[in-house]
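Colleague:
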Amino acid sequence: MTAALSAKEIVSQLSARFPGAIEEAGLDSALVKSESLPAAAEYLKTAEGLKYEYLNYITAVDYYDYFEVVYMLTSLEYNRSVTFKVRCYSRDNPSVPSLTGLYQGADWQEREVYDLMGITFEGHPNLKRIFLWEGYNGYPLRKDWNR
Amino acid sequence: MEISSDREYIYDAAELDRHEGQVIEKLKASSRKSIPDPDAWLDEDIKRNIVLTSLDWVLNWARRSSLWTAVCYPACCGMEWMATLAPRFDASRFGMEIMRASPRQADLLITAGTLTWKMAPNVKRIYDQMPEPKWVIAMGACGISGGIFRSGYNVVPGYNKIIPVDVYVPGCPPRPEALIYGIQQLQKKIAKIKAVPDLPKLPNPLKKGKK
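Following this line, the structure appears as structure tokens:
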């Protein structure tokens, strides 16, 4: 069984290395600032003792006031997992840095989030709809979406 | 789409995506109303000439006894259809077991499963490629009306929005027995179709007193 590393530990490590990168630390997850996401993720992937090399999923939640993109990483070496989140407050043009350079598996996941939630991933090599077709009106998983 | 000779690929990906989107939007716009179910089999027997009737009978017997199925399994009802084909239920007892990889050799389309708009043009193409005469069985709740996914953003609310449906088999998914029963109902329906058009009614000289 994969154990979740306490977010506290991660947060203390991250904030020591990237001051001001952590927006909020919850019980089981950390909220990372969007501009420091690539650096933080790279640290989580490569740092000795962490080695979060496996990306479980990327998903997104619509909280009306902001969108939250949720990442879950697992370390196969240490058999632990961690969840961290990024918020984007703009509703018209929400955008988050892409992790495709770090995790290959992020490619389609980010396309899915873009397709259904309308969040742009900056630096994604091929950001276009993956389930729906070109010319589909709106982003159906947003709370205010209406056919 | 225009093709120039110096391209690496015939179509580029963005063009294909745009074209696909246009095809889906066009199909979606043109399928607001359900297509009425075929009613050629409803005509009364009385109108028939004896000779033509037996010709009809032979034609319909041949057609209904060799229903070859095109492959169209977008979702989970396909599992029940596979069970229908397998030895336990053995659809081949009724002459309906031959699956055709090409729709050009098939005359029955069993639509086993939820259809999304993205898939809809392909199903319509399968149907269009089947030679006449052809029949469609809408299998399962999703095939009939979209089922529990009816109000989804990407689901076709029933196959009869894009192709005419002859028999509806309800269930989620229907049992193999139900599907076999549905195919038998279709066979009964085919038995009543007239292959030859009506002849004009002539007054019968043997009947006196009546015109």
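The listed protein sequences correspond, in order, to chains A and B. Note that the working numbering has the first sequence beginning at 7, numbered continuously upward. Note that the working numbering has the second sequence beginning at 2, numbered continuously upward. Glycine included, every Cβ here is placed at the ideal spot set by N, Cα and C.
1) What does K119(B) touch in chain A if you count any residue whose Cβ is under 8 Å from its own?
2) In the DSSP assignment, what are the bridge partners of C94(A)?
3) Suppose contacts are defined by Cβ-Cβ distances below 8 Å. Is L109(B) in contact with W82(B) by that definition?
4) Have a look at A66(A), M78(A) and E54(A) and flag the residue whose alpha-carbon is nearest the alpha-carbon of A36(A).
5) Measure from the alpha carbon of G141(B) to the alpha carbon of each residue in S66(B), C173(B) and R64(B), then state which is nearest.
6) Can you pull the DSSP bridge partners for L187(B)?
7) Under 8 Å, Cβ to Cβ, is there at least one residue of chain B near P131(A)?
8) What does N155(B) reach in chain A if we use C-beta pairs closer than 8 Å?
9) Show which residues of chain A have a CB atom less than 9 Å away from the CB atom of G148(B).
10) Which value, in whole angstroms, describes the spacing of the CA atoms of Y142(A) and Y120(A)?
11) Can you tell me whether DSSP reads Y1(B) as helix, strand or coil?
12) So L86(B) is in the alpha helix (DSSP H); what residue range does that whole segment cover?
13) Buried or exposed for N99(A), going by 16 or more other Cβ atoms inside 10 Å?
14) Here's the rule: buried if 16 or more other CB atoms are within 10 angstroms of the residue's CB, otherwise exposed. What is T52(A)?
15) As a quick exercise: from D18(B), Q130(B), D40(B) and S31(B), pick the residue whose alpha carbon is nearest that of I191(B).
16) Check whether the region 23-40 of chain A touches the region 77-92 of chain A, taking contact to mean three or more Cβ pairs, one atom from each stretch, closer than 8 Å.
17) Starting from W136(B), trace the beta strand (DSSP E) both ways and give me its first and last residue.
18) Mapping the DSSP letters down to three states, classify Y58(A) as helix, strand or coil.
19) Is there at least one Cβ from chain B nearer than 8 Å to K134(A)'s Cβ?
20) Roughly how many angstroms lie between the CA atoms of P165(B) and I36(B), to the nearest whole one?
21) Output needed in chain order: residues of the region 25-40 of chain B with a Cβ under 7 Å from some Cβ in chain A.
22) Mapping DSSP to helix, strand and coil, what is K48(B)?
23) Using a Cβ-Cβ cut-off of 8 Å, state whether G114(B) counts as contacting chain A.
24) Quick one: Cα of V17(A) to Cα of P25(A), how far?
Modeller: Judging by the given coordinates:
1) Those are F137, L138 and W139, listed as they occur along chain A.
2) C94(A) pairs with F73(A).
3) Taking 8 Å as the Cβ cut-off, L109(B) and W82(B) do not qualify as a contacting pair.
4) Nearest C-alpha to A36(A): M78(A).
5) Looking at the Cα atoms, C173(B) is the closest of the given residues.
6) In DSSP, L187(B) forms no bridge with anything.
7) By this cut-off, P131(A) is not an interface position.
8) Ordered by position in chain A, the residues that pass the 8 Å Cβ test against N155(B) are F137, L138 and P146.
9) Among the residues of chain A, none has a CB under 9 Å from the CB of G148(B); the nearest is roughly 18 Å distant.
10) Computed Cα separation, rounded: 12 Å.
11) This structure leaves residue 1(B) out entirely; chain B is present only between 2 and 212.
12) Where L86(B) is concerned, the enclosing alpha helix (DSSP H) stretches over C78 to L86.
13) Counting the other CB atoms within 10 Å of its CB gives N99(A) a total below 16, which places it among the exposed residues.
14) So T52(A) ends up on the exposed side.
15) The shortest Cα separation from I191(B) among D18(B), Q130(B), D40(B) and S31(B) belongs to D40(B).
16) Flag = yes, the region 23-40 of chain A and the region 77-92 of chain A touch.
17) W136 to M140 is the extent of the beta strand (DSSP E) around W136(B).
18) For Y58(A), the secondary structure class from DSSP, reduced to helix, strand or coil, is coil.
19) Chain B contact via Cβ: present.
20) P165(B) and I36(B) have their C-alpha atoms spaced approximately 5 Å apart.
21) Listed in sequence order: I25 and E26.
22) Bear in mind that the predicted position of K48(B) carries a pLDDT of just 49, short of 50, making it too unreliable to give a figure here.
23) No, G114(B) lies away from the interface with chain A (no Cβ there is under 8 Å from its Cβ).
24) Those two C-alpha atoms are separated by around 11 Å.
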